[in-house]
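The sequence shown lines up with residues 1 to 373 when you count with UniProt numbering.
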Amino acid sequence: MKQTNNQDRIVFLSVPESIRGRIDEVSAGDFVVDPSIPIPVEIPPDQDSLDLEQLSWEMILSGMIKVIERDPQHEDADYYRRFVLAVKPDILKEFSEAAILKARNRDFGLALEILKALAALYPDSAEVSLNQALVHEEWANSMEESGREDEAAEEWGRAHELYVRLLAQKPPLPNALFNAGFFYLKQRNYEKARDCFSQYIPVADSPRKKERAQSIIKEISERSLDDQVFKEAYDFIRLGEETKGIEKIHHFITRHPEVWNGWFLLGWGLRRLERWDDAVLAFQKALELGGEGCDTRNELALCLIEQGNLSEARKELERALQMEPENIKVISNLGILAMKQGKIDEAAGFFRTVLEYDPEDPLALQMLSQLEA
Numbered sequence: 001m002k003q004t005n006n007q008d009r010i011v012f013l014s015v016p017e018s019i020r021g022r023i024d025e026v027s028a029g030d031f032v033v034d035p036s037i038p039i040p041v042e043i044p045p046d047q048d049s050l051d052l053e054q055l056s057w058e059m060i061l062s063g064m065i066k067v068i069e070r071d072p073q074h075e076d077a078d079y080y081r082r083f084v085l086a087v088k089p090d091i092l093k094e095f096s097e098a099a100i101l102k103a104r105n106r107d108f109g110l111a112l113e114i115l116k117a118l119a120a121l122y123p124d125s126a127e128v129s130l131n132q133a134l135v136h137e138e139w140a141n142s143m144e145e146s147g148r149e150d151e152a153a154e155e156w157g158r159a160h161e162l163y164v165r166l167l168a169q170k171p172p173l174p175n176a177l178f179n180a181g182f183f184y185l186k187q188r189n190y191e192k193a194r195d196c197f198s199q200y201i202p203v204a205d206s207p208r209k210k211e212r213a214q215s216i217i218k219e220i221s222e223r224s225l226d227d228q229v230f231k232e233a234y235d236f237i238r239l240g241e242e243t244k245g246i247e248k249i250h251h252f253i254t255r256h257p258e259v260w261n262g263w264f265l266l267g268w269g270l271r272r273l274e275r276w277d278d279a280v281l282a283f284q285k286a287l288e289l290g291g292e293g294c295d296t297r298n299e300l301a302l303c304l305i306e307q308g309n310l311s312e313a314r315k316e317l318e319r320a321l322q323m324e325p326e327n328i329k330v331i332s333n334l335g336i337l338a339m340k341q342g343k344i345d346e347a348a349g350f351f352r353t354v355l356e357y358d359p360e361d362p363l364a365l366q367m368l369s370q371l372e373a
């Protein structure tokens, strides 16, 4: 028995006759055990050393996956992949479903660990890479809602790297094109989003999704959202150069005064400059022109709070919450509003709700600490 890599707690075993028989019983297909290749086994976290009498398939398969995760070019990596798939032929479906469930429960770290294992087993799988990108996106969204902008930017970056690789494949996976389109929509990169949806339409794998892609392309075109000035304005504001961004978006609004997205961007820039009155007017104009989304109402509410118009702010936040009941940014803002109204118990309830969705939300933790002091 040879031990290596204390961090991963892996030991390598020769293949005794007793184990060979057990392998033959559960293996599938034409896989043949090679007794000359040692088997990596992961020691369970509650054990200091390996007890051969407690040896299980989970320990063996986990050890093999850890080895190829750590070193995809390991001399026996291909053998270990085939071994795992022979013993557990449904692992792709099983692990994918487990990762999706973890992501839905906002356990993003564990979801990515599961997908990392699948990526080691299926290094060329576009489906696995796409699932990784989607989890990074969801985690980034969650972090943004919690005000963790820097961490969110890192997750957006990881998702973007995966989409770049997926879109470079020939031909790209249809679902990768479709989801990349939505990724770029979130980044306000409407030109790139339009390109992804345009490429998706000829290879669409769903009539419903094809219709959705066509609708988005039409909307981008009709609102001139792929206008370079709009993208420049968004980038300036996002990077903290609000004055330049506001100047750019004014140029866009002059040409496209009926496009609500331009007014929203103007309001966002003004709000970041703490020009509350002007920002309120911009967000109200966005609503008037059809920008009825959760973000518009949440941003408007923030400005109304600063104006001291707490009753109207609450109405906007409640409308936003009806649209997105699990949006922790909106729930946090309701908590802050309740504090300003002197409703301490209600405020604490909102922040506890936030922590149910994200136990590490820094604002909710800080506010609850203050309220319970």
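The beta-carbon is built from N, C-alpha and C at its ideal position, and this holds for glycine as well.
Here the structure is a predicted model, which means the values were calculated and not measured.
Inset, instruction - Give me the Cβ distance between Cys-109 and Pro-362, rounded to the nearest whole Å; I'm assuming they're in contact under 8 angstroms. - result: In the sequence on display, residue 109 carries Gly and not Cys. Actually they are not in contact, since the Cβ atoms of Gly-109 and Pro-362 sit about 17 angstroms apart, beyond 8 angstroms.
Inset, instruction - Take the Cβ of Met-1 as the centre, count every other Cβ of all protein chains shown within 10 Å, and call the residue buried at 16 or more, exposed below. - result: Note on Met-1: pLDDT 45, under 50, position unreliable in the model; the coordinate value appears next. Classification for Met-1: exposed.
Legend entry - Contact set for Thr-4: own chain, Cβ-Cβ below 7 angstroms, skip 5 residues either direction: Below a pLDDT of 50, predicted positions are generally treated as unreliable, and Thr-4, at 49, falls in that range; the measurement from the model is reported next regardless. For Thr-4, where only same-chain residues beyond five positions count, the Cβ hits under 7 angstroms are Ile-10 and Phe-12.
Legend entry - Unbroken alpha helix (DSSP H) run spanning Leu-273, endpoints: That residue, Leu-273, is in no alpha helix (DSSP H); it is neither H nor E in DSSP.
Inset, instruction - Kindly indicate which three-state DSSP category Ile-43 falls into: helix, strand or coil? - result: coil
Inset, instruction - Could you tell me whether the region 31 to 43 touches the region 60 to 69, where touching means 3 or more Cβ pairs closer than 8 angstroms? - result: yes
Inset, instruction - Flag this pair as touching only if the region 291 to 300 and the region 312 to 319 have three or more C-beta atom pairs under 8 angstroms; answer yes or no. - result: These segments touch.
Inset, instruction - Have a look at Leu-121 and Gly-245 and give me their C-alpha separation to the nearest angstrom. - result: 46 angstroms
Inset, instruction - Have a look at Ala-168 and Asn-309 and give me their C-alpha separation to the nearest angstrom. - result: When rounded, the distance between both Cα atoms is 50 angstroms.
Inset, instruction - List the endpoints of the continuous alpha helix (DSSP H) containing Phe-197. - result: Taken as a continuous stretch (DSSP letters only), the alpha helix (DSSP H) holding Phe-197 covers 190 to 200.
Inset, instruction - Output yes or no for whether 9 angstroms exceeds the beta carbon distance between Phe-264 and Ala-286. - result: yes
Inset, instruction - Check whether the region 72 to 85 touches the region 95 to 105, counting contact only when three or more Cβ pairs, one atom from each stretch, lie closer than 8 angstroms. - result: no
Legend entry - Endpoints, the alpha helix (DSSP H) within which Leu-355 is located: Taken as a continuous stretch (DSSP letters only), the alpha helix (DSSP H) holding Leu-355 covers 344 to 357.
Legend entry - Reference Leu-130, options Leu-166, Val-280, Lys-340 and Ala-204, closest by Cα: Leu-166
Legend entry - Outcome for Gln-370 when other beta-carbon atoms lying within 10 angstroms are tallied against a minimum of 16: exposed
Inset, instruction - Report yes or no: do the region 296 to 305 and the region 326 to 337 share at least 3 C-beta pairs separated by less than 8 angstroms? - result: yes
Legend entry - Where Phe-31 sits in the DSSP three-state scheme: Phe-31 falls in the coil class under three-state DSSP.
Legend entry - Lys-340 classed as buried or exposed, judged by whether at least 16 other C-beta atoms fall within 10 angstroms: exposed
Inset, instruction - In angstroms with no decimal places, state the Cα-to-Cα distance between Arg-271 and Leu-134. - result: 30 angstroms
Inset, instruction - Could you check how far apart the C-beta atoms of Ala-213 and Ile-201 are, in whole angstroms? I think they sit under 8 angstroms. - result: 6 angstroms
Inset, instruction - Just mark Asp-358 as buried or exposed, buried being the case when its beta carbon has 16 or more other beta carbons within 10 Å. - result: buried
Inset, instruction - Please list, in chain order, all residues of the same chain as Trp-139 whose beta carbon is under 7 angstroms from its beta carbon, the five residues on each side excluded. - result: Result list for Trp-139: Phe-108 and Glu-155, in chain order.
Inset, instruction - Report buried or exposed for Ile-344, applying the criterion of at least 16 other Cβ atoms within 10 angstroms of its Cβ. - result: It counts as exposed.
Legend entry - Which listed residue (Ala-152, Ser-206, Lys-170 and Arg-208) has its alpha carbon closest to that of Gln-187: Ala-152
Legend entry - For Asn-141 and Asn-179, the rounded distance between their alpha carbons: 15 angstroms
Legend entry - Unbroken alpha helix (DSSP H) run spanning Asp-235, endpoints: Segment 228 to 238, the alpha helix (DSSP H) holding Asp-235.
Legend entry - First through last residue of the alpha helix (DSSP H) which encompasses Glu-316: Looking at the DSSP string, the run of the alpha helix (DSSP H) that includes Glu-316 is 310 to 323.
Inset, instruction - Measuring alpha carbon to alpha carbon, tell me which of Glu-356, Glu-312 and Met-323 ends up nearest Leu-337. - result: Glu-312
Inset, instruction - Could you tell me the distance, in whole angstroms, from the CA atom of Val-280 to the CA atom of Gly-240? - result: CA-CA distance, Val-280 to Gly-240, rounds to 20 angstroms.
Legend entry - Nearest-angstrom Cα separation, counted from Ser-96 out to Ser-206: One C-alpha to the other measures close to 21 angstroms.
Legend entry - Helix, strand or coil at Lys-285 according to DSSP, with G and I counted as helix: helix
Inset, instruction - Below 7 angstroms CB to CB, which residues in the same chain sit around Ala-117 once its five sequence neighbours on both sides are set aside? - result: Ile-65, Glu-69 and Phe-95
Inset, instruction - Run the CB neighbour count on Gln-228, radius 10 Å, all protein chains shown included, and call it buried at 16 or more, exposed below. - result: exposed
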